[in-house]
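Residue numbering for the sequence shown follows the numbering used here, beginning at 7 and increasing consecutively. Taking it in order: structure first as structure tokens, then the write-up.
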Amino acid sequence: MRVPHSMRRRYWLFVACCLLLFTGCAGNPPPPTPLAAPTTIPAPTPANLGNGGTLITTLGARDPSTLDPALAIDVRSAFVIRQIFSGLTRLDNKLEVQPDLAESWQISPDGLTYTFTLGKSIRFADGRRITSADVVYSLERASDPKLARFLPAATYLGDIVGVRERLAGKADHIAGLSAPDDLTVVIRINSAKSYFLAKLSHVTSFVVDQRAVEAATTGSWLEHPNGSGPFEIEQWDHDQVLVLKRNLNFSRELPKLDRVRFLIGAAAINPMVLYEQGDIDVTDVPASDLARVQDTSNALSKELVRVPQLSLFYLALNVTMPPFDDLKVRQAFALLIDRLKLVQVTLGGSADAAWGVLPPGIPGYNPHLPQFHADMAKAKALIAESRYGGVDKLPLIAAYSGWADTLSKVASDELGVKIEVRGYEKESDFQSALAQNQLQIYGSGWIADYPDPENFLDVLFRGGSGENHTGYDNAQVNDLLNRAAVEKDETQRFALYQQAETQILADAPVIPLYHDIAYTLVKPYVHGLTVTPMGILDLSTVELAR
């Protein structure tokens with residue numbers, strides 16, 4: 007999942023980083039059974055709820071881009087959505103697949119059919135029972151092309167038979183989806199894939215309340231969504247504060263916190279100061295404060311949690327647009343970046359240099375990839391060998407994102423390459439241009455949605471993938487990805503992904519920069535908070551023990 011510029015602690019550092027870049031499925035099934043009359047299950051009597059209290063932290067400069075599970079494409083939105091909604095499966099704090107709304111499942115011998123049995127007591131926040139019809143509605147809504155032009159379902163639900171036809175407007179329902187009774191959901195996928203249950207834990211698959219969605223005016227149901235997650239919205243002053251309260255109808259163990267209070271906008275400025283003043287309980291540590299916080303003589307060092315993330319931050323080159331339509335030019339740009347200096351100096355050692363796409367810790371990671379070092383002479387030689395014939399003959403290059411100004415200056419000074427700085431006033435306009443592959447060169451970041459190499463290599467580099475915004479499409483890579491997706495032997499499967507990664511790096515549609523490390527300060531009285539290699543996933547286990 008993409009990390010928005012306003013979310014992660016290092017995105018503002020792209021300005022400084024660039025100072026180093028140039029230095030050394032069959033016919034449709036019948037429509038789902040109409041919704042039955044609401045069945046409300048009384049909320050349990052609160053007991054053993056922990057110490058209660060309100061956890062306070064910051065959420066960023068502005069509201070999440072959406073709280074609609076079907077539309078979420080960034081980490082910050084997904085984080086809040088996970089607290090409000092639930093799906094059939096979930097990832098626990100060890101990133102292992104666990105039951106959620108589904109209490110169990112069976113997989114057919116051929117690996118193509120998943121039969122989920124829902125929990126008998128699962129319910130929305132208002133107490134209404136959740137049935138298989140709600141699951142079917144939610145998945146079909148997430149794949150409805152009328153909802154938006156670009157839908158995450160293309161990436162996260164595309165394995166289900168019939169989803170692509172529905173996304174293309176060729177089917178009214180998902181052929182591979184059925185609900186034989188109120189407690190059973192059957193999903194057929196197009197080929198056996200070991201990662202499907204993990205993929206189904208992504209927020210795109212989460213269940214929404216059809217009545218709430220259809221009774222409200224456009225988008226207004228999200229002001230007070232009737233979710234099924236551990237919390238529900240109590241207060242939302244846009245771009246100021248978002249308060250979640252305990253959902254007493256949550257189907258798993260009830261959250262121990264009474265509330266979670268997210269500060270947004272002006273109230274969220276300088277989170278380190280807020281943390282040290284005792285105004286918030288949890289915060290990320292920016293690289294500029296890391297040395298101070300890590301100093302063992304500083305009391306804050308005892309409150310610091312360090313967790314390498316399953317992430318990749320990179321520069322993307324559009325292979326369909328000049329000059330990056332020439333392999334030599336792309337290979338040249340890949341040699342301009344001193345990645346070790348970037349992480350050691352600019353990021354103060356707070357990240358790991360990236361030599362490939364897959365981050366350390368993810369299955370299939372290849373620790374033997376060669377390290378690329380900055381080589382200005384070779385870069386100029388490669389550009390001279392390209393069809394452009396030299397750096398002075400390259401066409402205008404337009405750069406996007408927060409590092410564009412610095413990139414333009416350094417590229418001009420060190421390489422004689424002119425880069426024009428462009429930008430978008432609205433993040434939505436940037437995302438639209440990204441989705442249409444209109445950006446020549448841009449910086450981006452990706453953090454795993456589930457711990458599998460498919461989530462990086464297939465999602466970001468398969469030709470035609472909804473998250474492939476460089477226009478990259480290599481038949482050999484596509485074939486390797488196809489074979490890896492269905493390979494049952496794990497060793498062979500990971501070997502296929504490593505072959506695909508090697509070819510992708512040779513083709514250079516992206517320049518890997520670094521893998522993030524999360525440095526998080528957590529007050530001593532905050533118990534049960536886990537920072538996973540995919541960030542903080544679950545707040546339901548947190549309690550305050552002052």
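Glycine residues also receive a C-beta, built at the ideal position from the N, C-alpha and C atoms.
Would you check if the region 327–343 and the region 372–382 touch, i.e. whether three or more CB-CB distances between them fall below 8 Å? yes
Quiz item: By how many angstroms is the C-alpha of Thr72 removed from the C-alpha of Ser226?
Solution: As a working note, residue 226 is residue 220 in the sequence shown. As a working note, residue 72 is residue 66 in the sequence shown. About 11 Å.
Since Pro277 is in the alpha helix (DSSP H), which residue starts that stretch and which ends it?
-> Taking the first residue of the sequence shown as 1, we reach residue 277 at position 271. Counting along the chain, the alpha helix (DSSP H) containing Pro277 begins and ends at Pro277 to Glu282.
According to the neighbour-count rule (16 or more other Cβ atoms, all chains shown, within 10 Å of its Cβ), is Val215 buried or exposed? Residue 215 sits at position 209 when you count from the first residue of the sequence shown. First, the residue type needs correcting, since residue 215 is Asp and not Val in the sequence shown. Buried, since its Cβ has 16 or more Cβ neighbours within 10 Å.
Original post:
Which residues mark the beginning and the end of the alpha helix (DSSP H) in which Ile90 is found?
Top reply: On the sequence shown, position 84 is the one that residue 90 refers to. Where Ile90 is concerned, the enclosing alpha helix (DSSP H) stretches over Val81 to Ile90.
Next on the checklist: Measuring CB atoms only, is the region 238–254 touching the region 161–169, in the sense that at least three cross pairs come out at less than 8 Å?
Outcome noted: no
Exercise. Where do the ends of the beta strand (DSSP E) carrying Tyr320 lie?
Worked result: Stepping through the sequence shown from its first residue, residue 320 is reached at position 314. Segment Ser317 to Leu323, the beta strand (DSSP E) holding Tyr320.
According to DSSP, is Phe330 part of a helix, a strand, or is it coil?
Against the sequence shown, residue 330 aligns to sequence position 324. Looking at Phe330 - three-state DSSP - the assignment turns out to be coil, as it is neither helix nor strand.
*Check whether the region 466–478 touches the region 314–331, counting contact only when three or more Cβ pairs, one atom from each stretch, lie closer than 8 Å.*
yes
- With which residues is Phe566 paired in a DSSP beta bridge? Residue 566 cannot be examined here, being either before or after the span of the chain that is shown, 7 to 552.
Please classify Thr497 as buried or exposed, where buried requires at least 16 other C-beta atoms within 10 Å of its C-beta. As a position in the sequence shown, residue 497 is number 491, starting the count at 1. By the 10 Å Cβ count, Thr497 comes out exposed.
*Per DSSP, which one or two residues make a beta bridge with Val288?*
Counted from its first residue, the sequence shown places residue 288 at position 282. BP columns for Val288 point to Thr63 and Val528.
Buried or exposed for His244, please, with buried defined as at least 16 other CB atoms from any protein chain shown within 10 angstroms of its CB.
To locate residue 244, count along the sequence shown from 1; it is residue 238. That one is exposed.
If you follow the alpha helix (DSSP H) that Gln498 is in, where does it begin and where does it stop? One-based indexing of the sequence shown puts residue 498 at position 492. Counting along the chain, the alpha helix (DSSP H) containing Gln498 begins and ends at Glu496 to Asp513.
Nearest to Asp98 (by Cα), restricted to the options Gly370, Gly449 and Ser546:
On the sequence shown, position 92 is the one that residue 98 refers to. If we check each option's Cα against that of Asp98, Ser546 comes out closest.
Note to self: Just verifying my parser: in three-state terms, what is the DSSP assignment at Asp522?
What the structure shows: Position 516 of the sequence shown holds residue 522. Note: Asp522 maps to strand in three-state DSSP.
| query | By Cβ distance, which residues of its chain are closer than 7 Å to Arg170, with the 5 residues on each side in sequence left out? | reply | Translated into the one-based positions of the sequence shown, residue 170 becomes position 164. Only Gly164 meet the Cβ criterion.
Practice task
Please list the segments of the beta strand (DSSP E) lying wholly inside the region 167–201, counting only runs of 3 or more residues, in order along the chain.
Solution key: 183–187 and 190–194
**OP:** State the CB to CB distance for the pair Ser197 and Arg172, rounded to an integer number of angstroms; the pair is presumed to be in contact (CB under 8 Å).
**Re:** The residue given as residue 197 occupies position 191 in the sequence shown. The residue given as residue 172 occupies position 166 in the sequence shown. Contact doesn't hold; Cβ gap of about 18 Å is too wide.
Between the alpha carbons of Thr123 and Lys199, how many angstroms are there, rounded?
To locate residue 123, count along the sequence shown from 1; it is residue 117. To locate residue 199, count along the sequence shown from 1; it is residue 193. If you take the alpha carbons of Thr123 and Lys199, they lie about 20 Å apart.
Considering only their Cβ atoms, is the gap separating Pro236 from Pro261 smaller than 9 Å?
The residue given as residue 261 occupies position 255 in the sequence shown. The residue given as residue 236 occupies position 230 in the sequence shown. Result yes, Cβ atoms of Pro261 and Pro236 sit closer than 9 Å.
Cα-Cα separation, Ala405 to Lys415
The count along the sequence shown starts at 1 and reaches residue 405 at position 399. The count along the sequence shown starts at 1 and reaches residue 415 at position 409. Distance between the alpha carbons of Ala405 and Lys415: 12 Å.
message = Considering only their Cβ atoms, is the gap separating Pro373 from Gln315 smaller than 9 Å?
response = Reading the sequence shown from its first residue, position 309 is the one you call residue 315. Reading the sequence shown from its first residue, position 367 is the one you call residue 373. Not a contact, by the Cβ cut-off of 9 Å.
Buried or exposed by the 16-neighbour rule on C-beta atoms within 10 Å, applied to Leu107:
Residue numbering aside, residue 107 sits at position 101 when the sequence shown is read from its first letter. Classification for Leu107: buried.
What did DSSP end up calling Ser434 once you bin it into helix, strand or coil?
-> Taking the sequence shown and counting its residues from 1, the one referred to as residue 434 is at position 428. Ser434: helix per DSSP, three-state reduction.
Can you look up Glu259 in the DSSP assignment and give me helix, strand or coil? For this step, residue 259 is matched to residue 253 along the sequence shown. Looking at Glu259 - three-state DSSP - the assignment turns out to be coil, as it is neither helix nor strand.
Exercise for the section: Name the one or two DSSP bridge partners that Asp398 has. Expected result: Numbered from 1 along the sequence shown, position 392 holds the residue referred to as residue 398. DSSP output for Asp398 lists no bridge partner at all.
Taking the C-alpha atoms as reference points, what is the distance between Pro44 and Pro186? Indexing the sequence shown from 1 puts residue 44 at position 38. Indexing the sequence shown from 1 puts residue 186 at position 180. Note on Pro44: pLDDT 46, under 50, position unreliable in the model; no value is reported.
Let me know if Pro553 comes out buried or exposed under the rule of 16 or more other beta-carbons within 10 Å of its beta-carbon.
Residue 553 is absent from the structure shown; the chain starts at 7 and stops at 552.
Q. In the region 447–480, which residue ranges form an unbroken alpha helix (DSSP H) of at least 4 residues, counting only runs that do not cross its ends?
A. 460–467
| said: Spatial neighbours of Gly233 within its chain, please: C-beta separation below 6 Å, excluding the five flanking residues on both sides. | reply: Locating residue 233 in the sequence shown gives position 227, counting from the first residue. Excluding sequence neighbours, Gly233 sits near Ile90, Phe91 and Ala131.
Beta-carbon contacts of Ile62 that lie in its chain and below 6 Å, excluding the five residues immediately before and after:
Mapped onto the sequence shown, residue 62 falls at position 56. Excluding positions up to five away in sequence, the list reads Arg267, Ile286 and Asp287.
Worksheet item: How is Thr210 classed by DSSP in three states: helix, strand or coil?
Response: Taking the first residue of the sequence shown as position 1, residue 210 is located at position 204. It is helical.
Q: Count the C-beta pairs between the region 344–354 and the region 485–494 that are closer than 8 Å, then say yes if the count reaches three, no if not.
A: no
Next item on the list: With DSSP collapsed to three states, give me the class of Gln337.
Entry: Reading the sequence shown from its first residue, position 331 is the one you call residue 337. Helix at Gln337.
| query | Looking only at its own chain, which residues have a Cβ that is under 6 Å from the Cβ of Tyr448, when we skip the five neighbours before and after it? | reply | As a working note, residue 448 is residue 442 in the sequence shown. Within the same chain, Tyr448 has close Cβ partners Ala322, Tyr406 and Ser407.
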